[in-house]
Amino acid sequence: MTQSRLSPSPNPPPSHNVACVQFPRRPHRIIQSLALTLTILCGCTAIPLVDVPSDNQNGRINHLVLHFTSEVFDESLTALTVQSERPVSAHYLVPKLEDVTYPHSTLKVYRLVNEHQRAWHAGLSFWGGETALNDRSIGIEIVNTSQCAPESLEALELPDLESICEFIDYPETQIQLLIALAQDIIARHPDIEPLQVIGHADIAPERRIDPGPKFPWYRLYKAGIGAWPRVEDLEFFRDVLGPGPSTDLVRLTQASLAALGYPIAVNGELDHQTQRVVRSFQMHFRPKNYRGFVDIETAVIALALVKRYRQGSLAPLMERFSSP
Numbered sequence: 158m159t160q161s162r163l164s165p166s167p168n169p170p171p172s173h174n175v176a177c178v179q180f181p182r183r184p185h186r187i188i189q190s191l192a193l194t195l196t197i198l199c200g201c202t203a204i205p206l207v208d209v210p211s212d213n214q215n216g217r218i219n220h221l222v223l224h225f226t227s228e229v230f231d232e233s234l235t236a237l238t239v240q241s242e243r244p245v246s247a248h249y250l251v252p253k254l255e256d257v258t259y260p261h262s263t264l265k266v267y268r269l270v271n272e273h274q275r276a277w278h279a280g281l282s283f284w285g286g287e288t289a290l291n292d293r294s295i296g297i298e299i300v301n302t303s304q305c306a307p308e309s310l311e312a313l314e315l316p317d318l319e320s321i322c323e324f325i326d327y328p329e330t331q332i333q334l335l336i337a338l339a340q341d342i343i344a345r346h347p348d349i350e351p352l353q354v355i356g357h358a359d360i361a362p363e364r365r366i367d368p369g370p371k372f373p374w375y376r377l378y379k380a381g382i383g384a385w386p387r388v389e390d391l392e393f394f395r396d397v398l399g400p401g402p403s404t405d406l407v408r409l410t411q412a413s414l415a416a417l418g419y420p421i422a423v424n425g426e427l428d429h430q431t432q433r434v435v436r437s438f439q440m441h442f443r444p445k446n447y448r449g450f451v452d453i454e455t456a457v458i459a460l461a462l463v464k465r466y467r468q469g470s471l472a473p474l475m476e477r478f479s480s481p
């Protein structure tokens, strides 16, 4: 992997239509859990409690973040479960049958961290005003050996990913298993809205590119997972913006992406941050062209998504950028 990509209230386990392998718990974890259980049980018998459920609450989990591992299965599993100098983890690992290091003849989801526990998968991140995404999300790592030259991603000038990266297709069987898992997670965590099913590149665009431009986001959307613009909204904003260049196009795109949740300043400049955020957005919603430059189609897609999922932000946004 390039620079290695791998460098909460209790919830029931996934439903039985998703094959799941639970990684064995270590003995000290079992002892800790037993001690905690006994403490809770003793506390409940000593303290008289009256349950009055409040209307003013929600779930702790409201994001689903998708990653690729950049490693084969056995290396991915080790990186996600064994202590190291730079420890990482995820709630689930989705293998692929084509991987010679995968030990089974059928695909199974590996559960590495219980959903009520905090996995270390998002790192420094931002989405929709929230910065501690590890606290609010479930992370899924997908075995995929896409890689980029690490030093190129750190360059000041925006690199052409097609020249420094090799992106690998996702097998159909792997995507089918991922869809089943994601549907199950969203059914149990209804606070995960469509715009909160995101990739690592969306929440950390200046340092991450996964799950990459070959990830089938539209396929997931058709299965009820994640966001996608409506055709009629795309046509509407194409007519509104027209074919010609606009001096406010960069600022309009920045404002639209900020309304969607991206970490971007609205300053009208195609700066280092803007190019990387735009590139991540394009990999997600327009993977045929993800060079990171603002164009009419990028602005159209962003506005169409705002109209569908952030309706309250649309009117002030359009009023601000409408022609006099």
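Each residue of the sequence shown is one higher than the one before, starting from 158 at the first, in my numbering. Heads up, the beta-carbon is just placed ideally off N, CA and C, and yes, glycines get one too. Quick caveat: nothing in here was measured; it's all calculated off a predicted structure.
Inter-segment contact for the stretch 288 to 305 and the stretch 211 to 230 is present: three or more beta-carbon pairs are separated by less than 8 Å.
Contact between Leu254 and Thr330 holds, with the beta-carbon distance rounding to 6 Å and staying under 8 Å. Counting other Cβ atoms within 10 Å of its Cβ, Leu281 stays below 16 and is therefore classed as exposed.
Runs of alpha helix (DSSP H) with 4 or more residues, each lying fully within the stretch 337 to 400, are found at 357 to 360, 374 to 379, 388 to 398, listed in chain order. Secondary structure in the stretch 198 to 252: the beta strand (DSSP E) runs of 3 residues or longer, each lying completely within the stretch, are 220 to 225, 249 to 251 in chain order.
Sequence-distant Cβ neighbours of Ile421 in its own chain, meaning closer than 8 Å and more than five residues away, are Gln411, Leu414, Ala415, Gln430, Thr431, Val434. DSSP, read as helix, strand or coil, puts Tyr267 in strand. The stretch 381 to 394 and the stretch 458 to 473 touch, with no fewer than 3 CB-CB distances between them shorter than 8 Å. Straight across, the Cα-Cα distance linking Pro400 with Leu471 is about 21 Å. Minimum Cα-Cα distance from His346 among the listed residues Pro210, Leu206, Ile204, Asn215 corresponds to Asn215. With contacts defined as CB atoms closer than 8 Å, Ala456 and Leu409 qualify as a contacting pair.
Between the C-alpha atoms of Val257 and Glu232 there is a straight-line separation of about 12 Å. Between Gly383 and the set Glu350, Ile332, Asp212, the nearest pair of CA atoms involves Glu350. For Asp326, the number of other beta carbons within 10 angstroms of its own is below 16, and it is reported as exposed.
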